[in-house]
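Under our numbering, the first residue of the sequence shown carries the number 8, and numbering increases by one thereafter.
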Amino acid sequence: MSSEELLTEAVARIIHEIHPEKIILFGSRARGDDRSDSDVDLLVVASEETIRCQGRRRLLGRFWAAMGRLPAAFDFLLFSPKKWPSGATA
């Protein structure tokens, strides 16, 4: 699975699970200096209501479960829009 296919599948799974407002790739894969063993760093912005109703730990658990057996390690950061302003950059 290519890096692009991996990211496309990961994003599709996250969208299916929680319908986030934004998903931002950061780290070595975003910079383009990743290696075959590099993890995938994703910052996910979910609504206040989603985080409040489902809880941060439960949402992160759903992220991990959604990744299933994708051939990469993932690291997730979860923010609400208040904590991640729309003008901010990763």
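In this text, a Cβ means the ideal position worked out from N, Cα and C, and glycines have one as well.
It should be emphasised that the depicted structure is a prediction, and the values quoted were computed from it without experimental measurement.
Taking the alpha-carbon of residue i as reference, which of the options has the nearest alpha-carbon?
{"i": "F86", "options": "R36, D46, I30", "result": "I30"}
{"i": "A37", "options": "L14, F70, W71, P88", "result": "L14"}
{"i": "L84", "options": "R20, L32, I22", "result": "L32"}
{"i": "K90", "options": "D48, E56, V52, I25", "result": "V52"}
{"i": "F81", "options": "E28, L50, G62, Q61", "result": "L50"}
Could you check whether residue j and residue i sit closer than 7 Å to each other, using their CB atoms as the reference points?
{"i": "D41", "j": "S35", "result": "yes"}
{"i": "V47", "j": "A19", "result": "no"}
{"i": "R59", "j": "E24", "result": "no"}
When DSSP builds the beta bridges, which residues end up paired with residue i?
{"i": "D48", "result": "F33, D82"}
Mapping the DSSP letters down to three states, classify residue i as helix, strand or coil.
{"i": "H23", "result": "helix"}
Taking residue i and residue j to be in contact with their CB atoms under 8 Å, please state how far apart those CB atoms are, rounded to whole angstroms.
{"i": "L77", "j": "E16", "result": "6 Å"}
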